[in-house]
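Asker: Read in order, the letters of the sequence shown are residues 295 to 732 in the working numbering.
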Amino acid sequence: RRMPPRVVTKRRSPGDGSPSQGAGGSDSPTQVKRQAIAAAGESVGSLPSAPPCRLAPSEAAQMFFARKVAEAAETLPHDVALVAADGSCHHAHRLVLSARSPFFLKMLSSGMREQASGQVRLPDVEPERLEAMLAWMYGREALIDRSSPVSALALLELAERWQVTELCEQLSSCEACALSHDNFLPIWEAAQRMNLGKLESRCFDYAMQQVADVLEDGVFASGTTLPAFFCSLLPQQVKMLLESDNLPVVNEESTLEFALAYVDARGGPLPAADLEELFLAIRWRLVPGPVIAERAMRAPALQEPGGGALRPRLLTAVADGMQFQFLGGKAWSMLPSAPASRLRLKHRIPVAGFAGLAAGMQVKVIADTEELRHLCKRCAPGARLKVEWVAEMRTLAGATCRVKELREEICGAQIEDPDPGKNCDRYLPFDALLLALS
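#1: Which whole runs of the alpha helix (DSSP H) in the segment 576-659 are 4 residues long or more, in chain order?
#2: When you compare the segment 623-642 with the segment 534-547, are there three or more beta-carbon pairs, one atom per stretch, that lie closer than 8 angstroms?
#3: Would residue 242 be called buried (16 or more neighbouring beta carbons within 10 Å of its own) or exposed?
#4: Taking residue 475 as part of the alpha helix (DSSP H), name the residues at either end of that continuous run.
#5: CB-CB under 6 angstroms to residue 454, same chain, minus the five flanking residues each way: which ones, in chain order?
#6: List the DSSP bridge partners of residue 556.
#7: Ignore the nearest five residues each way along the sequence and tell me which others in residue 586's own chain have a CB closer than 8 angstroms to its CB.
#8: Distance, Cα to Cα, residue 531 vs residue 544?
#9: Given residue 546, which residues of its chain have a CB within under 6 angstroms of its CB, disregarding the five upstream and five downstream residues?
#10: With residue 680 as the anchor, note down where its beta strand (DSSP E) starts and where it stops.
#11: Would DSSP call residue 376 helix, strand or coil?
#12: Which same chain residues end up closer than 7 angstroms to residue 645 when comparing Cβ atoms and leaving out the 5 residues on each side of it in sequence?
#13: Under 8 angstroms between the Cβ atoms of residue 568 and residue 529?
#14: In this structure, how does DSSP classify residue 423 when only helix, strand and coil are distinguished?
#15: Report the rounded CA-to-CA distance for residue 634 versus residue 709, giving the unit in angstroms.
#16: Could you pull the DSSP bridge partners for residue 695 from this structure?
#17: Would you call the segment 367-374 in contact with the segment 424-431, where contact means no fewer than 3 C-beta pairs closer than 8 angstroms?
#18: In terms of alpha-carbon separation, which member of 438, 671, 643 lies closest to residue 681?
#19: Please list the terminal residues of the continuous alpha helix (DSSP H) segment that includes residue 491.
#20: Counting only runs of 4+ residues fully inside the segment 515-575, write out the alpha helix (DSSP H) ranges in chain order.
#21: Just reading off the alpha helix (DSSP H) that residue 350 is part of, what are its end residues?
#22: Considering only DSSP beta bridges, list what residue 446 is partnered with.
#23: If we call anything under 8 angstroms between Cβ atoms a contact, is residue 691 one with residue 661?
#24: Just the Cα atoms here: how many angstroms apart are residue 371 and residue 465?
#25: Tell me which same chain residues have a C-beta within less than 7 angstroms of the C-beta of residue 663, skipping the five on either side of it?
#26: Excluding sequence positions up to five away, which residues of its chain have a Cβ less than 8 angstroms from the Cβ of residue 304?
#27: In angstroms with no decimal places, state the Cα-to-Cα distance between residue 719 and residue 621.
#28: So, does the segment 395-412 touch the segment 435-452, judging by three or more C-beta pairs under 8 angstroms?
#29: Determine the extent of the alpha helix (DSSP H) in which residue 462 is found, giving its start and end residues.
#30: Would you please state the rounded distance, in angstroms, between the beta carbons of residue 550 and residue 590? I believe it to be under 8 angstroms.
#31: What residues in its chain sit with their C-beta under 7 angstroms from that of residue 700, if we drop five residues either side in the sequence?
#32: Excluding the 5 residues preceding and the 5 following residue 440 in the sequence, name in chain order all residues of the same chain whose CB lies nearer than 7 angstroms to its CB.
#33: Report the rounded CA-to-CA distance for residue 535 versus residue 496, giving the unit in angstroms.
#34: Kindly list the residues whose CB is nearer than 7 angstroms to the CB of residue 373, restricted to its own chain and excluding five residues on each side of it in sequence; keep chain order.
#35: So residue 574 packs on residue 607, CB below 8 angstroms; how close in whole Å?
#36: Which ranges would you report for the beta strand (DSSP E) in the segment 363-410 if only whole runs of at least 3 residues count?
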């Protein structure tokens, strides 16, 4: 038989007119591009590329996915059992527990005994509380008795232990934790014990509102009886109220009277440390000297057992307050700053006489325009001259200003205009001025 002829393909070298070259043996466009890149000292792999298109589920889609995972888990075999205090077994899934709770994520993924056995014993968790917690973790509603905070607080404590932050936030503001005189104390104590800032803030505001309700225009009169609500408060809780800048008193002698009324309302004696901490929260530098001498130093609550001398820790604070009052306006520059001289937000403390003024101190002009006009049109106590009233001085009412210089003849001060553009300083008598936050 005749064999077909063998075809031999000759390898062509570049430039010999091969099909990969253009007409007349020239390089193809691709080769030209490669040569240009090489000439520029670049490699083919360094060609710029477009940034990738990034896609991620929206927040709503993530929430939908989480809900679907929880729903799907209900139909899948359980792989962990939670044993409640009564021995009842509640089945769950490691994925759901770990996704909801960092507590379980660590337990079921770090080689602990529960990871191997698939059983978690909870000897201090009642079955009702466990069922409510699992319902919430699986995306269902957790039913809570709103008639009493007991069940809500129990569930809140479990959620805090398991680090289920979102449930803690919901429980802190739910109707089951609505505050009243009857449930206030256990809720506040639970919030402090578990360091739940949001709920603790609600309790603090509630207690502060009760303080405001017993004041008359911001004043707590001597001899006022506190409602029974305050008798249930712990000394540490009352101290928190007294230390706050938000205590709604207009003067500091009202703070002293409130503290004395609380001690009387408690009936029995308080531990010495608690008693001292309570009265150290008073801002003694802002209590008038006569009130310190006639009221504070004669109060049995501030004296040592058996009466007579003040308790040593309180004596130091009270003496500092007396010195501050004695120095008058010079005290603001001569004595170091201290919490005992810091004004509260509602304070409306008049300047204590002409001697209570000092150049450079901050003062607040009384807000009542008609009263300001009346004070300027008569001589201040101890003054030889009165301040001339002009209509433009109405703009000073309620303003915070700096004392520029003192004027003894009017028993007042030249104060800088609060509007720097006007550059028109005015004179005011001392009894038209209040202490101001610096």
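Here a beta-carbon is modelled for each residue, glycine too, at the ideal position from N, C-alpha and C.
Answerer: The relevant details are as follows:
#1: 606-621, 625-628
#2: yes
#3: It is not possible to answer for residue 242, since the shown part of the chain is limited to 295 through 732.
#4: The residue you call residue 475 lines up with position 181 of the sequence shown. Careful: residue 475 lies outside any alpha helix (DSSP H) and carries neither H nor E.
#5: Here residue 454 refers to the residue found at position 160 of the sequence shown. Excluding residues within five positions, the ones whose Cβ falls inside 6 angstroms are 462, 488.
#6: One-based indexing of the sequence shown puts residue 556 at position 262. DSSP, once it has assigned bridges, lists no residue as partnering residue 556.
#7: Position 292 of the sequence shown holds residue 586. The answer, listed in chain order, is 578, 612, 615, 616, 619.
#8: As a first step, residue 531 is located in the sequence shown; it is residue number 237 there, counting from the start. As a first step, residue 544 is located in the sequence shown; it is residue number 250 there, counting from the start. So the two alpha carbons sit approximately 21 angstroms from each other.
#9: Locating residue 546 in the sequence shown gives position 252, where the first residue counts as 1. Closer than 6 angstroms at the Cβ level, and outside the excluded window around residue 546, lie 577, 580, 581.
#10: Start at 1 with the first residue of the sequence shown, and residue 680 comes out as number 386. First-last for residue 680: undefined, no H or E at that position.
#11: Here residue 376 refers to the residue found at position 82 of the sequence shown. It is a strand residue.
#12: Start at 1 with the first residue of the sequence shown, and residue 645 comes out as number 351. The residues are 651, 657, 724, 727, 728, 729.
#13: On the sequence shown, position 274 is the one that residue 568 refers to. On the sequence shown, position 235 is the one that residue 529 refers to. Yes, they are a contact pair.
#14: Taking the first residue of the sequence shown as 1, we reach residue 423 at position 129. Helix at residue 423.
#15: As a first step, residue 634 is located in the sequence shown; it is residue number 340 there, counting from the start. As a first step, residue 709 is located in the sequence shown; it is residue number 415 there, counting from the start. Their backbone Cα atoms lie some 26 angstroms apart in a straight line.
#16: Taking the sequence shown and counting its residues from 1, one reaches residue 695 at position 401. In the DSSP output, where bridge partners are listed per residue, residue 695 has 657.
#17: no
#18: Start at 1 with the first residue of the sequence shown, and residue 681 comes out as number 387. Checked all of 438, 671, 643; the closest Cα to residue 681 is 671.
#19: Walking along the sequence shown from the start, residue 491 turns up at place 197. That run of the alpha helix (DSSP H) goes 491-508.
#20: 522-525, 529-537, 546-560, 566-574
#21: Within the sequence shown, residue 350 is the residue found at index 56, counting from 1. No alpha helix (DSSP H) contains residue 350, which DSSP labels as neither H nor E.
#22: Taking the sequence shown and counting its residues from 1, one reaches residue 446 at position 152. Beta-bridge pairing links residue 446 to no other residue.
#23: Here residue 691 refers to the residue found at position 397 of the sequence shown. Here residue 661 refers to the residue found at position 367 of the sequence shown. Yes, the Cβ-Cβ distance between residue 691 and residue 661 is below 8 angstroms.
#24: On the sequence shown, position 77 is the one that residue 371 refers to. On the sequence shown, position 171 is the one that residue 465 refers to. Taking the straight line from one Cα to the other gives about 31 angstroms.
#25: Reading the sequence shown from its first residue, position 369 is the one you call residue 663. So the list reads 688, 691, once near-sequence residues are dropped.
#26: Translated into positions along the sequence shown, residue 304 becomes position 10. Because the pLDDT of residue 304 is 49, which lies under 50, any placement of that residue in the model is unreliable, and the question is left without a value.
#27: Taking the sequence shown and counting its residues from 1, the one referred to as residue 719 is at position 425. Taking the sequence shown and counting its residues from 1, the one referred to as residue 621 is at position 327. The alpha-carbon atoms of residue 719 and residue 621 are separated by roughly 27 angstroms.
#28: no
#29: Sequence index remark: in the sequence shown, residue 462 carries index 168 (1-based). Note, residue 462: alpha helix (DSSP H), 459-467.
#30: Against the sequence shown, residue 550 aligns to sequence position 256. Against the sequence shown, residue 590 aligns to sequence position 296. About 6 angstroms separates the two Cβ atoms, so the contact holds.
#31: Along the sequence shown, one-based indexing puts residue 700 at 406. Closer than 7 angstroms at Cβ, skipping near neighbours: 651, 653, 707.
#32: Counted from its first residue, the sequence shown places residue 440 at position 146. Closer than 7 angstroms at Cβ, skipping near neighbours: 469, 470.
#33: Numbered from 1 along the sequence shown, position 241 holds the residue referred to as residue 535. Numbered from 1 along the sequence shown, position 202 holds the residue referred to as residue 496. Approximately 13 angstroms between the Cα atoms of the pair.
#34: Along the sequence shown, read from residue 1 onward, the residue named residue 373 stands at position 79. So the list reads 387, 388, 412, once near-sequence residues are dropped.
#35: Taking the sequence shown and counting its residues from 1, the one referred to as residue 574 is at position 280. Taking the sequence shown and counting its residues from 1, the one referred to as residue 607 is at position 313. Yes, residue 574 and residue 607 are in contact; Cβ-Cβ is about 7 angstroms, under 8 angstroms.
#36: 374-377, 383-386
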